[in-house]
Amino acid sequence: MAGFRLIDLAKPFLAFVPEIELPYDNLPFDDKLVITLTTALIYLFGQFPLAGITKESVDVKDPIFFLRGVFAAEPRTLLEFGIFPPIATALILQLLAGFKLIKVNFNQRTDRELFQTLIKIVSIGSYAILANIFIASGYYGEDLSLMAKFLINSQLIGAGFFVTLLIEVIDKGHGFASGAMAIIAISLSTGLVDDLFGVQQIPVGQEGHREPRGAVINLLQGFRAKHKTFLGALVNAFQRDYLPNLTSGLLVIVLGGTVCYLQNIRTELSIRSTKARGMSNVYPIRLLYTGGLSLLFSYSILFYIHILGFVIIQLIGGNQEGSIINKVLGGYESTEFFYLARFPLSLLTPPTSFFAVFKQPLTVVTFSAFLIVTGVWFATNWQEISGSSSRDVSKQFKEQDVALAGHRDASKELIRIIPVASATGAATLAVLVAVGELLGLKGKGAGIVVAVCSAFAILEVVTVDFQQTGGQSSIAQMLGGRAA
Amino acid sequence: MDSSVPGGQRTLQKRRNAQLQKEKKANQTPASPRQAGFGGSSSSILKLYTDEANGLRVDPLVVLFLAVAFVFSVVALHVVAKVSGKIF
Amino acid sequence: MAKQNAQFDKLVETPLEFVKEGNQFLQKCKKPSKKEYLKIIQAVGIGFVAVGVIGYIIKLIHIPIRYLIV
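Chains as they are written, first to last, in my numbering: chain A, 1388 to 1871; chain B, 1121 to 1208; chain C, 19 to 88.
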């Protein structure tokens, strides 16, 4: 093939970029389960504070607080950027390849290898770029020594490097389904447990009182605390804003429940075998045909927009009041924990609390519209290129000697359903997330929606695997056989 | 029936052929590894890696151990920083 | 002018059509029954909490380490 191809950029790296081995055989069910869990737990273990950063509070606060939930990122830890780089890189490169904007011949093994190596290097490169943006902005402290800068760099890039490899371990078939999604699901569920039942005591206020992190524990402890009245404890448990409160906890649970409901809305097409007589079955097409991926895409784009804004305002303009950049782009308002964007950027920033909506009411429209438009656009295109379009499904039907009951041409019927389903599903999810985020969940709403969708996607793979291996699993037996 | 097709039956045949050719072409260059039949991202699952490239091959368990070791090296860095005061 | 109008019409019509189409699709869909839904919620809830508790134990390991060195 003549001409320059983007994937050829990966060629020089092929030789020394680490590559996880594929399993020789299909691994037993239990091994996969254990590896999936262990990998995600190691990811969680990585949420360890960075060394070499200042401990005093700095002027530059967290500008991307509402994007952290979705990407399992924890501020000022090794996982400052979570799994954003691999997810965003993979989604965007795979979309570009699907549009044929990047020339990849997926029929050829060498091309597929180059393509995945390209994803890997670009993600690690993104970690490096993001790390240096944050270092240069003064987020980790002003006037860092050269040594400190080097150490922070190596910590963040090293963590990024291992995160991409952890994802690869699961992706390559040592675990179930997708590494990125397993990590999101487990990290978010841990976050939920921590927010509700976390027992860590954190000092609050000047009087040296301590409050637990978990909202439920806080309620119980509040009733017994001597410095609080019964009513005061109740009010405090529901609306403290410095630590997780019960209101947001309940909202998150409601959102999760709604996603469970949406996940199980489907149309069922009756199919019959063309070989054996009387064999009929149903083929479900889910409303959420592209699952949580549309949201991941919307949030990836949001992340890029906000990082770009942060670079221009903080790095180039220094967030100076009255400078031209701040007049045009609005600049940031520094609060106790966060950097709140002003006018143009605030249109794409969900409020930190329900009442903060009134400061910028337009956000309700722009933020929801952004999520819906990007989500629907993505879902429509993704179903087309990801190998599950109507054409691909009807091809599968033919290969398996299956036909749609009452339709001669399966693809005609499928093309009427699949694109509509994926677009509608993406729009519904976007609306759900917009509602949650506009109520002030600070990224936890979007996080739980993506996490539940991912959990369902993984669960489906797990169930199929469980049935294929004939249910031979000592773990499932231990749990009383209700793992499937 | 024939008269309803402008240009007659033959044009219809041509069009059909062209359509078939187009479809064939579309099928020849798959848009994703899965469309080519090699696994990869599906409609609701994002996969980054499908094939084993000829790189520096590592065992998954080694990676898991190294990842934990990496976190502990950061812990060690904290300890060094605390013991030696302000070194950086 | 006419062309602009047509474009404007299209801009309004596309989302409307989208909503209509989506609504029609939703109406045709099979929704989970109450019993089915309760079962799903229960399973997902238990799974989420179980995995979350395992993850939280890892986080608990962090607390003493942080306390000692930070």
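Every residue, glycine too, gets a C-beta built ideally from N, C-alpha and C. In this text the structure is predicted, and so the values were computed from the model without any measurement.
Coarse secondary structure for residue i, derived from DSSP in three states
| i | result |
| --- | --- |
| Lys48/C | strand |
| Tyr1719/A | strand |
| Arg1778/A | helix |
| Gln1859/A | coil |
| Asn1651/A | coil |
| Asn1174/B | coil |
| Pro1806/A | helix |
| Arg1136/B | helix |
| Phe1403/A | coil |
| Asp1449/A | strand |
| Tyr74/C | helix |
| Glu1598/A | strand |
| Pro33/C | helix |
| Arg1499/A | helix |
| Ile1440/A | coil |
| Tyr1726/A | strand |
| Leu1630/A | coil |
| Ile1165/B | coil |
| Thr1464/A | strand |
| Ile1672/A | strand |
| Pro1590/A | strand |
| Val1918/A | Any question about residue 1918/A goes unanswered here, given that chain A covers just 1388 to 1871. |
| Val1491/A | coil |
Check whether residue i and residue j have beta carbons under 8 Å apart
| i | j | result |
| --- | --- | --- |
| Leu1579/A | Val1641/A | no |
| Thr1504/A | Ala1173/B | yes |
| Lys1559/A | Ile1407/A | yes |
| Tyr1648/A | Ile1658/A | no |
| Leu1716/A | Ile1688/A | no |
| Ile1451/A | Tyr1527/A | no |
| Leu1734/A | Thr1750/A | yes |
| Leu1466/A | Ala1475/A | no |
| Cys123/C | Ile1539/A | Within the shown structure, residues of chain C are numbered from 19 to 88, placing residue 123/C beyond reach of any answer. |
| Thr1661/A | Ala1790/A | yes |
| Phe1400/A | Ile1508/A | yes |
| Leu1575/A | Gly1823/A | no |
| Val1848/A | Phe1563/A | yes |
| Leu1682/A | Val1780/A | no |
| Thr1577/A | Lys52/C | no |
| Thr1170/B | Gly1159/B | yes |
| Gly1585/A | Ile1604/A | yes |
| Asn1623/A | Lys1615/A | yes |
| Phe1453/A | Ile1470/A | no |
Residue i versus residue j: straight-line alpha-carbon distance, rounded
| i | j | result |
| --- | --- | --- |
| Phe1521/A | Val1447/A | 9 Å |
| Asn1553/A | Leu1166/B | Note on identity: in this sequence residue 1553/A is Leu, with Asn being the wrong assignment. In a straight line, the C-alpha of Leu1553/A is about 14 Å away from that of Leu1166/B. |
| Ser1204/B | His1198/B | 10 Å |
| Gly1485/A | Gly1175/B | 25 Å |
| Ile83/C | Glu1594/A | 26 Å |
| Ser1123/B | Lys1134/B | For Ser1123/B, the predicted model reports a pLDDT of 47, less than 50, meaning its position is unreliable and no value from the coordinates is stated. |
| Gln1701/A | Leu1816/A | 33 Å |
| Leu1396/A | Gly1592/A | 54 Å |
| Gln1608/A | Arg1455/A | 29 Å |
| Leu1583/A | Gly1636/A | 7 Å |
| Ser1775/A | Arg1597/A | 53 Å |
| Glu1468/A | Thr1850/A | It is Phe, not Glu, that sits at residue 1468/A in the sequence shown. If I take the Cα positions, the gap works out to 32 Å. |
| Asp1449/A | Phe1697/A | 10 Å |
| Ala1196/B | Leu1543/A | 16 Å |
| Lys1487/A | Val71/C | 44 Å |
| Val1760/A | Ile87/C | 47 Å |
| Met1388/A | Thr1497/A | Confidence at Met1388/A is low in this model, with a pLDDT of 46, below 50, so the placement of that residue is unreliable and no value is reported for it. |
| Phe1403/A | Gln1783/A | 38 Å |
Whole-number beta carbon distance between residue j and residue i, since they are thought to touch under 8 Å
| i | j | result |
| --- | --- | --- |
| Gly1718/A | Ser1841/A | With a Cβ gap of about 36 Å, Gly1718/A and Ser1841/A do not count as contacting. |
| Ala1814/A | Val1763/A | 5 Å |
| Leu1633/A | Ala1602/A | 5 Å |
| Ser1164/B | Thr1423/A | Not confirmed; about 17 Å, so no contact. |
| Ser1161/B | Ser1773/A | 5 Å |
| Phe1667/A | Ala1792/A | In the sequence under discussion, the amino acid at residue 1667/A is Ser, which differs from the Phe named in the question. Correct: roughly 7 Å between the Cβ atoms. |
| Asn1494/A | Ala1156/B | 5 Å |
| Gly1812/A | Ile59/C | Gly1812/A to Ile59/C, Cβ: 19 Å. No contact. |
Residue i Cβ short of 7 Å to the ligand ADP heavy atom set
| i | result |
| --- | --- |
| Tyr55/C | With respect to the ligand ADP, the structure shown offers nothing to examine, as it has no ligands at all. |
Do the segment 1738-1755 of chain A and the segment 1801-1811 of chain A touch if we need at least three Cβ pairs shorter than 8 Å? The answer is no - the segment 1801-1811 of chain A does not touch the segment 1738-1755 of chain A, with fewer than three Cβ pairs under 8 Å.
Are there three or more Cβ pairs, one per stretch, closer than 8 Å when the segment 1563-1577 of chain A is compared with the segment 1417-1435 of chain A? In the pairwise beta carbon analysis, the segment 1563-1577 of chain A is classified as touching the segment 1417-1435 of chain A: at least three pairs are separated by under 8 Å.
For the pair the segment 1398-1415 of chain A and the segment 1177-1192 of chain B, tell me if three or more CB-CB distances fall below 8 Å. Three or more pairs of CB atoms, one per stretch, sit closer than 8 Å, so the segment 1398-1415 of chain A contacts the segment 1177-1192 of chain B.
Quick check: the segment 1185-1195 of chain B against the segment 1409-1419 of chain A, are at least 3 beta-carbon pairs closer than 8 Å? By the Cβ rule, the segment 1409-1419 of chain A does not count as touching the segment 1185-1195 of chain B, because fewer than three pairs are nearer than 8 Å.
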